[in-house]
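A.B. asks:
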């Protein structure tokens with residue numbers, strides 16, 4: 001069974017440009033999470049989808065970030081316009097279970113390393 | 001101060017040594033994850049526990065919810081155990097800063 005996949009693995013863009021990150025969760029997983037690790041800091045929660053609905057987006061840093069999960073399958077995270085401080089590694093994770101319970105084990109993707117110059 | 005603190009931040013060991021990584025948290029949590037991040041960056045979930053102890057191979061995780069403390073133990077450590085170990089508390093995943101472990105042959 002395929003795990004969580006993310007695309008691209010690396011992205012280098014200039015300040016002001018737009019970047020879209022994609023996450024494909026494990027098939028059948030209703031819960032999808034986005035996390036970010038900026039240099040030297042701990043991993044931070046961004047948001048949580050249950051199917052296509054945003055269950056919790058309290059970790060989204062500002063309105064330059066837009067996450068979608070149309071159809072409840074893969075998700076995209078768009079940063080527009082990108083700023084220098086957006087550089088970091090963006091992780092996606094998925095878990096089974098309805099209702100968004102955090103008690104379900106989360107399976108992580110390999111991450112997307114974003115560099116904003 | 002981070003809500004989830006890990007110690008030590010860096011740890012080196014000789015192959016075969018018994019290793020302990022500690023995690024303390026100041027927020028109320030229902031369960032705690034131990035994660036492993038390999039040098040290539042991928043994150044693997046090792047354990048999720050809410051009480052007592054769990055064992056998987058050479059890895060043992062314990063948690064004391066009342067004392068807000070968890071430990072990850074590695075018995076008979078091996079160079080392939082070298083990675084960053086991260087604890088994260090639920091309900092909303094709050095991550096520690098990680099412990100970088102290097103095991104030398």
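Residue numbers (the numbering used here), protein chains in the order written: chain A, 1 to 117; chain B, 1 to 105.
Backbone N, C-alpha and C define an ideal beta-carbon position, used for all residues, glycine too.
The structure presented is a predicted model; accordingly, all values stated were derived computationally and were not measured.
Just the C-alpha distance for residue 6/A and residue 16/A, rounded to the nearest angstrom, thanks.
C.D. replies: Spanning the two alpha carbons is a distance of roughly 23 Å.
A.B. asks: Quick check: is the beta carbon of residue 57/A nearer than 8 Å to any beta carbon in chain B?
C.D. replies: Closer than 8 Å: no.
A.B. asks: Within 8 Å (strictly less), CB to CB, does residue 25/A reach chain B?
C.D. replies: Residue 25/A does not count as touching chain B.
A.B. asks: Near residue 52/B, which residues of its chain fall below 8 Å by C-beta distance, leaving aside the five closest residues on each side in sequence?
C.D. replies: For residue 52/B, where only same-chain residues beyond five positions count, the Cβ hits under 8 Å are 62 and 63.
A.B. asks: Tell me, please, whether the region 6–14 of chain B touches the region 56–69 of chain A by the rule of three or more beta-carbon pairs shorter than 8 Å.
C.D. replies: In short, these stretches do not touch, since the Cβ pair count stays below three.
A.B. asks: Is residue 56/A helix, strand or coil by DSSP?
C.D. replies: Strand, per DSSP.
A.B. asks: Do you know how far the Cα of residue 80/B is from the Cα of residue 55/B?
C.D. replies: Straight-line Cα distance between these residues: approximately 18 Å.
A.B. asks: Can you name the start and end residues of the beta strand (DSSP E) that residue 52/B belongs to?
C.D. replies: Unbroken beta strand (DSSP E) run through residue 52/B: 52–56.
A.B. asks: With residue 3/A and residue 26/A assumed to form a contact (beta carbons below 8 Å), what rounded beta-carbon distance in angstroms separates them?
C.D. replies: So it is a contact: roughly 6 Å between Cβ atoms.
A.B. asks: For residue 70/B, which option in 85/B, 78/B and 58/B has the closest C-alpha, if you only look at C-alpha atoms?
C.D. replies: With distances taken between Cα atoms, residue 70/B lies closest to 85/B.
A.B. asks: According to DSSP, what are the bridge partners of residue 93/A?
C.D. replies: Per DSSP, 33/A and 108/A.
A.B. asks: To which residues does DSSP link residue 26/A through a beta bridge?
C.D. replies: For residue 26/A, which the question treats as bridged, DSSP gives no partner whatsoever.
A.B. asks: Listed from N- to C-terminal order along the chain, which residues in the region 39–72 of chain B have their beta-carbon within a distance smaller than 8 Å of any beta-carbon of chain A?
C.D. replies: Of all residues in the region 39–72 of chain B, 40, 41, 42, 43, 44, 45, 48 and 50 have a Cβ within less than 8 Å of some Cβ in chain A.
A.B. asks: Taking a contact to mean a Cβ-Cβ separation below 8 Å, would you say residue 30/B touches residue 90/B in this structure?
C.D. replies: Going by C-beta atoms, residue 30/B is nearer than 8 Å to residue 90/B.
A.B. asks: Taking DSSP as the reference, what is the three-state secondary structure of residue 90/B?
C.D. replies: Residue 90/B: coil per DSSP, three-state reduction.
A.B. asks: Applying the 10 Å Cβ sphere with the 16-neighbour rule, what's the burial state of residue 14/A?
C.D. replies: It counts as exposed.
A.B. asks: Which same chain residues end up closer than 7 Å to residue 105/B when comparing Cβ atoms and leaving out the 5 residues on each side of it in sequence?
C.D. replies: Result list for residue 105/B: 15 and 79, in chain order.
A.B. asks: On a Cα-Cα basis, can you pick out the residue from 66/B, 72/B, 77/B and 11/B that is closest to residue 22/B?
C.D. replies: The residue with the shortest Cα to Cα distance from residue 22/B is 72/B.
A.B. asks: Residue 42/A and residue 99/B - do their beta-carbons sit closer together than 8 Å?
C.D. replies: The answer is no: Cβ separation not under 8 Å.
A.B. asks: Mind listing which residues of the region 80–102 of chain B have their C-beta closer than 8 Å to chain A's C-betas, in chain order?
C.D. replies: For the region 80–102 of chain B, which is checked against every Cβ of chain A, the residues closer than 8 Å are 86, 88, 90, 91, 92, 93, 94, 95, 96, 97 and 98.
A.B. asks: Going by CA-CA distance only, name the one from 44/A, 49/A and 19/A that's closest to residue 71/A.
C.D. replies: Nearest option by C-alpha distance: 49/A.
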